[in-house]
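Note that this note's numbering gives residue 119 to position 117 of the sequence shown, counting from 1, and the numbers run on in steps of one. C-beta: ideal position from N, C-alpha, C; glycine also. What follows is one structure encoded as structure tokens, with my remarks underneath.
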Amino acid sequence: GPMIEMRQVEKYYGAFHALKSIDLTVTKGEKIVLCGPSGSGKSTLIRCINHLETIKSGEIVVAGHRLNDSQKAVDAVRQTVGMVFQQFNLFPHRTVLENCILAPMRVRKLSRADAEATARKYLERVRIGDQANKYPAQLSGGQQQRVAIARALCMEPKAMLFDEPTSALDPEMVKEVLDTMVSLAQDGMTMICVTHEMGFAHQVADRVIFMADGRILEENVPSIFFKSP
Ligand code: ADP
Ligand code: ADP
3 GPMIEMRQVE
13 KYYGAFHALK
23 SIDLTVTKGE
33 KIVLCGPSGS
43 GKSTLIRCIN
53 HLETIKSGEI
63 VVAGHRLNDS
73 QKAVDAVRQT
83 VGMVFQQFNL
93 FPHRTVLENC
103 ILAPMRVRKL
113 SRADAEATAR
123 KYLERVRIGD
133 QANKYPAQLS
143 GGQQQRVAIA
153 RALCMEPKAM
163 LFDEPTSALD
173 PEMVKEVLDT
183 MVSLAQDGMT
193 MICVTHEMGF
203 AHQVADRVIF
213 MADGRILEEN
223 VPSIFFKSP
């Protein structure tokens with residue numbers, strides 16, 4: 003079956019209708035770029051997939067786990083889908099290595115030694131293994147975001163969600179984070195990326211989905227989306 007499936011999803015914030023009949027099927031290995039104006043619901047859509055937001059109606063199925071409000075389903079989905087935020091969300095008083103081993107120990111029940119080996123592997127994977135003992139504030143924004151990616155990978159997710167991962171970065175650091183994402187894409191990771199980086203979209207996306215006013219307005223392969231007029 004598909005990796006991620008959303009059927010007729012409706013999301014409200016109070017009286018505000020944030021997602022309107024969202025239907026989206028993401029197959030294994032597929033890379034989706036979500037774009038559209040600010041406030042169109044992109045962040046809400048991917049947050050619903052990870053159950054960071056609850057929906058009013060409709061259905062979300064992630065790697066066979068049907069999302070409902072049971073903690074068991076939520077835990078299963080969060081182990082399956084990693085998320086990277088605009089603001090790296092690292093624990094400031096923990097080292098890079100500690101940031102990466104906490105969830106694998108608590109959620110995957112790895113021993114400290116196994117969690118540390120996993121963390122070192124993925125920190126190397128994002129080319130930041132030499133920063134393992136530093137604190138987040140000692141790193142550049144680009145390095146912190148790569149740590150956040152490594153931390154998500156330590157859960158060995160089947161899919162990754164990116165919510166404007168380069169928007170908070172100084173321009174010179176955008177490329178190192180995009181390069182990391184391209185490399186993950188080339189490894190076959192299933193990805194949904196909210197980003198304004200259209201070069202990345204062109205390079206990596208199988209489909210570009212354009213949202214407006216809580217709806218999926220248009221979706222296309224990038225070659226059509228980026229066709230010059
Ligand atoms: P609910 O109906 O579930 O209580 P609300 O719409 O009342 O949801 O808002 C939930 C939370 O989100 C509240 O803490 C509110 O202050 C906050 N909030 C409200 N509007 C916005 C917004 N536009 N962006 C971000 N947060 C908001
Ligand atoms: P985008 O990612 O496309 O910028 P969002 O998904 O962040 O859009 O937000 C969609 C709409 O929902 C916006 O109008 C925003 O103000 C509103 N919204 C987002 N979070 C909340 C919240 N917690 N409470 C109330 N409204 C919210």
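Quick one: what's got a C-beta closer than 7 Å to residue i's C-beta in the same chain, skipping five residues either side?
i	result
P4	T27, V28, T29
T182	V128, R148, I151
L112	P106, T120
I57	V11, E12, K13, C50
L180	T168, E199, F202
Q88	D165, E166, P167, S169, A170
V196	L36, K44, S45, I48, F164, D165, E166
A65	M5, T82, K160
Once the 5 residues before and after residue i are set aside, which same chain residues still bring their CB inside 8 Å of it?
i	result
L54	M85
Q81	V109, R110, M157, P159
Assign residue i to one of three DSSP states: helix, strand, or coil.
i	result
L112	coil
F18	strand
M5	coil
Q205	helix
K160	coil
Taking 7 Å as the line, does the beta carbon of residue i fall inside it for any heavy atom of ligand 2?
i	result
G16	yes
K74	no
G41	yes
A139	no
Give me the residue from the options with the minimum Cα distance to residue i.
i	options	result
K136	A115, A161, A154, C102	C102
D172	I130, V184, Q146, R114	Q146
Got a sec? Which residues, its chain only, sit under 6 Å from residue i by beta carbon, not counting five neighbours each side?
i	result
S23	Q10
Would you say the region 115-128 touches the region 68-82, given that touching needs at least three Cβ pairs under 8 Å? no
Any chance the region 94-101 sits against the region 39-53, with 3 or more Cβ pairs inside 8 Å? no
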